[in-house]
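Protein chains in written order, with the numbering used here: chain A, 1 to 165; chain B, 166 to 330.
Every residue, glycine too, gets a C-beta built ideally from N, C-alpha and C.
All values reported here derive from a predicted model rather than from experimental measurement.
Accompanying notes for the structure given below.
2 protein chains.
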Amino acid sequence: MGRTADYSKQSCSIAAALEVIGDPWTLLVIRDAFSGLSRFEQWQEHLGVARNVLAARLKTLVAHGILEPRVYSERPLRHEYVLTKKGKDLYAVLLTLHGWGSKYMYGDGAGVAIIHKACGNLLDPGLACNCCGEKVERRDIELVKRPGKPVGEIMAELRAKEEAA
Amino acid sequence: MGRTADYSKQSCSIAAALEVIGDPWTLLVIRDAFSGLSRFEQWQEHLGVARNVLAARLKTLVAHGILEPRVYSERPLRHEYVLTKKGKDLYAVLLTLHGWGSKYMYGDGAGVAIIHKACGNLLDPGLACNCCGEKVERRDIELVKRPGKPVGEIMAELRAKEEAA
């Protein structure tokens, strides 16, 4: 979302996440990576996004370690892009977005249905605590304010790490 | 995200959700509503967002039934904005974004910590199936493609409903 929103003074993990994945098209590029797309032409055809925009999104996703380029053709040299662990860990963000969009905008009418294999029903995603395993409702959490670095500083540190690497 | 991305030909609940809440600043306006902000000046001061941008975001969120205006002063006439059920149901989207941003960008250093009261630890959000209650990992779901209406059509239907209401 960086384009028109400046989150640099916020000190918030949500703002920091949006700084990387909140950009137009980015979440749909990642969505399609989850459904198996890995090549520029596949995304370009499926999303109908401008080639320069798609190229910029893929570059950013690689720079942030969300997608990883892999050579699939030596000559001509061609890369495909696969989700890293960091990228795969976005599945919960996409599934909760899908759940909300299905519930409030599409009903069950969208082009892709998500089935929970264990119970066989359409997935209605809720939250669970990875620490204790319990379901988490909104009333079960507490927000604690504390001093924290602004997003701008965090992004600068991440860039410095990348350049050092 | 509508500004630079056209999702209208997609048939996907994720794209439909982003069409409404994926816009720059929108998710942070909703985030702040969860932490108790309800008045224009509060958001404007906390986000440092341009007044015309904030006004447009609030208008969209009200139009989509995510925020609900309430009069808090008769003269001068002043409204505050509170989350509806539809808005409150976005908590899982925000918490999974917060979890990912905390894990991969901030560590535990962000300005707001989210505590899971039941176990007392920082919330590491996973997914649960609201139908069977089981935890949901990425391998537990299956994507099923099916014919579906494009987002553009869905948005037009929603607009028509609003106008009829």
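query	result
Who are the neighbours of A:HIS166 on chain B, taking C-beta pairs under 9 Å?	The shown model of chain A, from 1 to 165, leaves out residue 166 of chain A, and the question about it has no answer.
According to DSSP, what are the bridge partners of A:LYS145?	B:VAL277
What would DSSP say about B:GLU239, mapped onto helix, strand or coil?	coil
Counting Cβ pairs closer than 8 Å, one from the region 260 to 271 of chain B and one from the region 87 to 95 of chain A, do we hit at least three?	yes
Quick one: which residues of the region 43 to 69 of chain A get their C-beta closer than 7 Å to a C-beta of chain B? List them in chain order.	GLY48
Is the CB-CB distance between B:PRO290 and A:LEU127 below 7 Å?	yes
Do you know offhand how far A:LEU28's Cα is from B:LYS326's?	27 Å
In or out: B:ASP188 buried (at least 16 other Cβ within 10 Å) or exposed?	buried
Along the beta strand (DSSP E) that carries A:ALA118, what are the first and last residues, could you check?	From DSSP, A:ALA118 is part of no beta strand (DSSP E); its letter is neither H nor E.
For the ligand ADP, is there any heavy atom lying closer than 6 Å to the beta carbon of B:CYS297?	The model on display carries no ligand, and the ligand ADP is accordingly not part of it.
To the nearest angstrom, report how far apart A:LEU47 and B:ALA321 are at their CA atoms.	20 Å
Taking only beta-carbon atoms, is A:GLY87 less than 7 Å away from chain B?	no
Any Cβ of chain B within less than 7 Å of the Cβ of A:GLU163?	no
Tell me, please, whether the CB atom of A:ARG159 is closer than 7 Å to any CB atom in chain B?	no
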